[in-house]
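Here the working numbering runs 60 ahead of the position in the sequence shown, where the first position is 1.
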Amino acid sequence: MKKILIVFLGLFSSLFLFTNMAKASSELASNSKAAILMEAETGDILFEKNIDEHRGIASMTKIMTISLVYDALKAEEIKYDTILSCSAHAKSMGGTQVYLEEGEKHSVSDLIKCVMLASANDAAVCLAEGVAGSEALFVDKMNQKALELNMENTHYSDATGLSDENHFSSAYDMAIISKYLLTNYPEVLAITRLHDAYFREDTDNPFWLVNTNKLAGKNGIDGLKTGHTTYSGYCITLTKEENNMRLISVVMGYENPIIRNQEASELLSYGFSFYKKKIFLNEDDVIKRYNTILFENDCLKLTPKNSIVHTILKSDEDKYKLEYEFSSKTNGKATLYYNGSVIDTSDLIIKEKKKKSIIKLFL
């Protein structure tokens, strides 16, 4: 009787959790034109709505802009302390800005801060010109990067997001470029998590940079970028890390920024409530050991060629099964099943190991 009760309670608990999850997901991002929730390491999609639809992205464009600036920093084409001069073209930008004057000079580091906090269009163009020589050439780089990342529903016409025609992306593509930025340049979060900062701080003309993302620093949210034009409506990309899992939520096409913020935040809460990132197999795991006198430490270690990591429903964890098969002492295969279906594999290999010298073999 006790066993029956335990089984019944387990089934009831699972049904209750599934019902709550289904109800929660059906109500998510209801006022958006498009939305997505993605896990940043695996790229797993936890929620989607019109994710391939072409939409205006406004200043969320600057996620790509700053990604290319960080690429240039990594390639040592520019440095953080490189001084850039504002051109007449950069000064002419409308919308949000830090009111750069033609010929005004600032470091790359300060200009990044202006873009990612205050969404400054003039600073974005100044950086674009500093990296590529002109905004037009920089836009070519933006579209090339989009191709490299398989952002199939994206086309850029400028570095700011001010253009309406022929400048668009999708919720999925915005999550992809955000994933790229966060994975390769997590240092950007040191800026995007701030509420405010100062620009021209030690001058007679200081400028208070207030983060356009009003959710930054609240409930663990540490990024990433807002956007708004009449054409695009209100849109936002948020990110947060919790329990070793970083999520990215993108919502687009709102009429009201308050509702936009609320629904983007709810997406994150939904993800952390019902999902977890599980490492089924780590590339450093040792699956089998074989004793031998030919190698240092007298042991060959059979390890995964790559890790197997997935974002899973917490309620489904017992539906996954990892199995091994060995074709020889030096290779094999790990297979991850979900409800009996294969969802991932990894070869098992002997990673390069130092052989003992002939002299040592006979000592």
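We put the CB at the ideal spot given by N, CA and C, even for glycine.
Cβ-Cβ separation, residue j to residue i (assumed contact under 8 Å), whole Å
i, j, result
"Ile409", "Lys365", "5 Å"
"Leu362", "Ala324", "Rounded, the Cβ-Cβ distance is 45 Å, inconsistent with contact."
"Tyr101", "Val369", "Looking at the sequence provided, one finds Glu at residue 101 rather than Tyr. With 8 Å as the limit, Glu101 and Val369 qualify as a contact, their Cβ atoms being about 7 Å apart."
"Lys337", "Met305", "4 Å"
"Leu97", "Leu307", "6 Å"
"Asn342", "Ser367", "5 Å"
"Ser292", "Gly116", "3 Å"
"Thr289", "Ser179", "Their Cβ separation, rounded to whole angstroms, is 12 Å, which puts Thr289 and Ser179 out of contact at 8 Å."
"Ser169", "Asp141", "7 Å"
"Ile296", "Asn279", "Ile296 to Asn279, Cβ: 15 Å. No contact."
Proximal residues to residue i (C-beta, below 8 Å), its chain only, five neighbours per side dropped
i, result
"Lys165", "Ile143, Leu144, Ser145, Cys146"
"Leu241", "Ile123, Ile126, Ser127, Tyr130, Val248, Leu284"
"Val213", "Note that residue 213 is Asn in the sequence shown here, rather than Val. If we look at Asn213 and ignore the five residues flanking it on each side, its Cβ neighbours are Asp112, Glu113, His114, Phe228, Ser229, Ser230, Tyr232, Asp233."
"Val346", "Lys361, Leu362, Thr363"
"Asp344", "Thr363"
"Asp104", "Met98, His370, Thr371"
"Lys239", "Met98, Ala100, Gly103, Ile308"
"Ala276", "Thr252, Arg253, Leu254, His255, Asp282, Gly283"
"Ser387", "Lys393"
"Ser85", "Phe107, Tyr330"
"Lys411", "Lys361, Thr363"
"Glu377", "Lys336, Lys338"
"Thr156", "Ser119, Ala178, Ser179, Ala180, Asn181, Thr272"
Same chain, Cβ closer than 7 Å to residue i, five either side skipped, listed in chain order
i, result
"Ile319", "Asn91"
"Glu195", "His149, Val185, Ala188, Glu189, Asp218, Ala219"
"Asn326", "For clarity, residue 326 is Glu in the given sequence; the question names Asn instead. Cβ within range, chain order: Leu88."
"Val199", "Tyr216, Ser217, Asp218, Ala219"
"Lys151", "Leu160, Glu161, Glu162, Asp182"
"Ser406", "Leu341, Pro364, Lys365, Asn366, Ile368, Ala394"
"Ile138", "Ala132, Val168, Gly190, Val191"
Close beta carbons around residue i, own chain, < 6 Å, minus the five adjacent residues each side
i, result
"Asn265", "none"
"Ile236", "Leu209, Met211"
"Ile403", "Leu396"
"Val270", "Asp256"
"Ile251", "Lys173, Met176"
"Lys424", "No information on residue 424 is available, as it lies outside the stretch 61 to 423 that the chain covers here."
"Leu106", "Leu97, Gly331, Tyr335"
"Asn340", "The amino acid occupying residue 340 in the given sequence is Phe; Asn does not appear at that position. Within the same chain, Phe340 has close Cβ partners Ile368, Leu382, Leu396."
"Phe267", "Val158, Phe259, Arg260"
"Glu108", "Ile96"
"Pro317", "Tyr294"
Paired residues, beta bridge with residue i - DSSP
i, result
"Ser309", "Leu97, Leu298"
"Val402", "Tyr397"
"Asn351", "Cys359"
"Leu408", "Pro364, Gly392"
"Val129", "None; Val129 has no bridge partner."
"Ile372", "Lys336"
"Tyr384", "Ala394"
"Lys109", "Ala95"
"Leu314", "Looking at the sequence provided, one finds Tyr at residue 314 rather than Leu. According to DSSP, which records beta bridges pairwise, Tyr314 is partnered with Tyr294."
"Arg115", "Ser229"
"Leu341", "Ile368"
| said: For the pair the stretch 366 to 383 and the stretch 396 to 405, tell me if three or more CB-CB distances fall below 8 Å. | reply: yes
| Do the stretch 206 to 214 and the stretch 90 to 104 touch if we need at least three Cβ pairs shorter than 8 Å? | no
| said: Restricting to runs no shorter than 3 residues, where is the beta strand (DSSP E) found entirely within the stretch 132 to 190? | reply: 143 to 145, 165 to 167
| Start-end ranges of the beta strand (DSSP E) lying completely within the stretch 205 to 292, minimum 3 residues | Within the stretch 205 to 292, the runs of beta strand (DSSP E) that reach at least 3 residues and sit entirely inside it are, in chain order, 256 to 259, 267 to 270, 281 to 289.
| said: Taking contact to mean 3 or more Cβ pairs, one atom from each stretch, closer than 8 Å, check whether the stretch 219 to 229 and the stretch 256 to 273 are in contact. | reply: no
| query | For the 8 Å Cβ check, are there 3 or more pairs between the stretch 298 to 310 and the stretch 331 to 341? | reply | Touching, per the Cβ criterion.
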